Amino acid sequence: MSGVFFYARKDAENNKRMFIFITIAIALSTANIIILNGVMDGITDDFLDRTMETTSGHLNIYPNEKDRYIEGLGIKEQKLQGIEGVIAYSPRITAGGALSYKEKSRSVNIFALDPSKENRVTVLLSKIDSGETLKANDRDGILISYRLAEELNAKAGDETTIVFEKGNTRVFKVRGILRTGMAMDTNTVIINFETAAEQLNLNNKASIILIRLSDKALSGQYKDIVSGKLGMQKVKEWKEEVESMWSTIRTYKEIIATINAIGLFAAAVSVGVILYINIIHKQRQIGIMKAIGMKDFQILSVYIIEAAVLGTIGILMGDALGYMGIKYLQAHPFSDPTLGSIAPRLYSYLFYDASLVTMLIVILAAVYPALMAGRMNIIKAIWGN
Amino acid sequence: MEIIKTSDLTKNYTLGKVDVKALNGVDSSIEEGEFIAIMGPSGCGKSTFLNMIGMLDTPSSGEIYIDGRDVTEMNSSAMAEYRLKHIGFIFQFFNLFNELTAIENVMFPMMLNKQPNYKERAKELLDLVGLGDRLHHLPSELSGGQQQRVTIARSLANSPKILLADEPTGNLDTRSSVEIIELFRKLNLEQGQTIVMVTHSMEIGEKADRIIHFRDGKVMEG
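Protein chains in written order, with this note's numbering: chain A, 31 to 415; chain B, 279 to 500.
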């Protein structure tokens, strides 16, 4: 194969224009894959992280079938304290209601929680856009989501009224405006657990208990332990909680994959067309190669090797461009009114996958022109008839 | 000893709607070490004949024996292997690889043939054709005569038994043409190479040991 490698190297060296066009097409395609997937990973990871840190524990306990609430909350809390590996828990009550401010009124989702417990499980109460957060034992305070605040023109310090499901009415003082980057920003209010239990007449009950473990990877192992010790049938791992989001994420990933495929196709066409034109221009030389004794597969190999060499250089350039692109976007993230900033993630798999797929496509793109060169008729190639 | 023999060789092809008989039952025999000129008017089939015995093209019917072996039975890979090892080609338009220097052009067939010391041998061959001082020149930096000499050196790379030359002087001035023919004669005498050369020029043809005349796809005399 030394003769084949020798000629492939010489041919590539002497076709600098072809070399540059092909490597640029490959480099851009590779960088495109890395950056787009990096951004997509940034969005999905942020989304999942935010979901995890605001709305889910490592394990979540739900009421048993046919029950609306978890009964015997006090005993369950005591049992949770006794389980090694459970480092915190936070019971919540969720209910519907209506929030009124001046003449305006909106239906809302009420989250009732104990700030001292919630802060050990999630960071929900730290997601304050303005004002201050809800403090432990603050039974008169309320946090309202920022979209709700915009609709009602309410701000920190204002007094609002909640009408609970049971018809009870209570006045709350807005302590702060909540912005989580999640769907709950639309119409959520957060109040103290005890106050909600009182208004809804839910003594010793909760809608959900969020549990934080020493390591979220242990959720599978602890699911059965918690379920058994508390006598609760419906204990979900954090993975199950975010599962419903995966269909949305998968759709977005498919869109990105389509964009990547179009980019790759464009690169493949460029590689194929440039090689094809090069081969057409070199018909006579290919004919001479065959005349002096080069076999069909050796000629095919020349162009496949050339494509592989140019592919390797283009991919290395693309990896470097992709790395720089991700670093730049991490320093200058996109801003989104709902999600906040969107920055790509830098994972090594992005480089492996992009490099492998691009190389495969480049080789495939080179196969047709290379086959054409290998199968060229000697007489037609040399004399053109 | 007979090195090339053809028997009832025909080659038919279609040009537009017209059937052309490029070779029409050619019987020929060439002895090892002979220097043969093939002559005839344009379109008489002499280049087609050269392509057939050089295994660049396949006949419509008939047999071709090279060194006692029926080469029409070979597949394309075996033909390529045979060309690499046993046949050297020289074409009218030099047909060097433009991206390779003179020495690289000569080295290339030896590299394909996995010959050791190909660099030294390439130097020797370029010395033999009088281009020892042009080793690293690209074809574009050489004159027509010099390019044709590089082609000859390349054709000798794997020490073939047969040299096939299609109008080797057709694109050269008189002085270069004489030099090339003298070089052929030297190779023929000193290295025992069998040389089959197609030419239009009677002056060039007369330098050969024997002339085979073609007309209308047939051997007339020789």
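For every residue, glycine included, the Cβ atom is placed at its ideal position computed from N, Cα and C. Quick caveat: nothing in here was measured; it's all calculated off a predicted structure.
Rounded to whole angstroms, what's the CA-CA distance from residue i to residue j? Just pull it up for me.
i       : j       : result
M317(B) : D286(B) : 19 Å
A184(A) : V272(A) : 32 Å
F386(B) : Y37(A)  : 8 Å
A315(B) : K40(A)  : 36 Å
G293(A) : I316(A) : 31 Å
Q471(B) : P438(B) : 8 Å
L230(A) : T288(A) : 50 Å
M330(B) : L465(B) : 23 Å
G340(B) : G341(A) : 47 Å
R330(A) : A403(A) : Reading the sequence as shown, one finds Leu at residue 330(A) and not Arg. Roughly 6 Å between the two C-alpha positions.
A373(A) : E148(A) : 28 Å
K410(A) : A321(A) : 12 Å
N234(A) : A227(A) : 8 Å
P417(B) : L450(B) : 15 Å
G126(A) : R98(A)  : 13 Å
Y396(B) : M389(B) : 7 Å
Q108(A) : D144(A) : 16 Å
G311(B) : L378(B) : 31 Å
DSSP beta-bridge partners for residue i?
i       : result
D444(B) : V476(B)
K299(B) : N290(B)
D348(B) : Y343(B)
I105(A) : According to DSSP, which records beta bridges pairwise, I105(A) is partnered with nothing at all.
K134(A) : Y131(A)
A118(A) : R242(A)
K203(A) : G171(A) and E189(A)
G161(A) : G206(A)
A142(A) : I123(A) and I221(A)
S285(B) : E341(B)
F364(A) : I372(A)
S307(B) : K283(B)
A380(B) : Paired residues: none, contrary to the question.
Would residue i count as contacting chain B if we go by Cβ distances under 8 Å?
i       : result
M324(A) : yes
I40(A)  : Checking the sequence shown, residue 40(A) turns out to be Lys, not Ile. Yes, K40(A) counts as interfacial toward chain B.
Q313(A) : no
Y333(A) : no
F3(A)   : For residue 3(A) there is no data in the structure shown, the boundaries of chain A being 31 and 415.
A396(A) : no
K320(A) : yes
I50(A)  : no
N44(A)  : yes
I409(A) : yes
G33(A)  : yes
F36(A)  : yes
By the 10 Å Cβ neighbour count, where 16 or more other Cβ atoms means buried, how is residue i classified, buried or exposed?
i       : result
H364(B) : buried
G366(B) : buried
L240(A) : buried
P446(B) : buried
K289(B) : buried
A361(A) : exposed
T284(B) : buried
S32(A)  : exposed
V201(A) : exposed
Tell me, please, whether the CB atom of residue i is closer than 8 Å to any CB atom in chain A?
i       : result
E359(B) : yes
F327(B) : no
M475(B) : no
E377(B) : yes
L334(B) : yes
M389(B) : yes
L413(B) : no
L362(B) : yes
N395(B) : no
F492(B) : no
N373(B) : yes
S354(B) : yes
F462(B) : no
F386(B) : yes
Check whether the region 338-353 of chain A and the region 58-75 of chain A are in contact - that is, three or more C-beta pairs closer than 8 Å. yes
Do the region 108-128 of chain A and the region 245-264 of chain A touch if we need at least three Cβ pairs shorter than 8 Å? yes
Is there contact between the region 471-481 of chain B and the region 316-330 of chain B, where contact requires at least three CB pairs shorter than 8 Å? yes
Are the region 394-410 of chain A and the region 292-307 of chain A touching, with three or more C-beta to C-beta distances below 8 Å? yes
Mind the definition here: the region 275-287 of chain A touches the region 376-384 of chain A only if three or more C-beta pairs lie below 8 Å; say whether that holds. no
Meets three-Cβ-pair contact criterion under 8 Å: the region 200-214 of chain A and the region 157-174 of chain A: yes
Measuring CB atoms only, is the region 222-242 of chain A touching the region 116-132 of chain A, in the sense that at least three cross pairs come out at less than 8 Å? yes
Assess contact between the region 449-457 of chain B and the region 417-437 of chain B, defined as three or more Cβ pairs (one per stretch) separated by less than 8 Å. Is contact present? yes
Taking one C-beta from the region 188-204 of chain A and one from the region 82-100 of chain A each time, how about it: are there three or more such pairs within less than 8 Å? no
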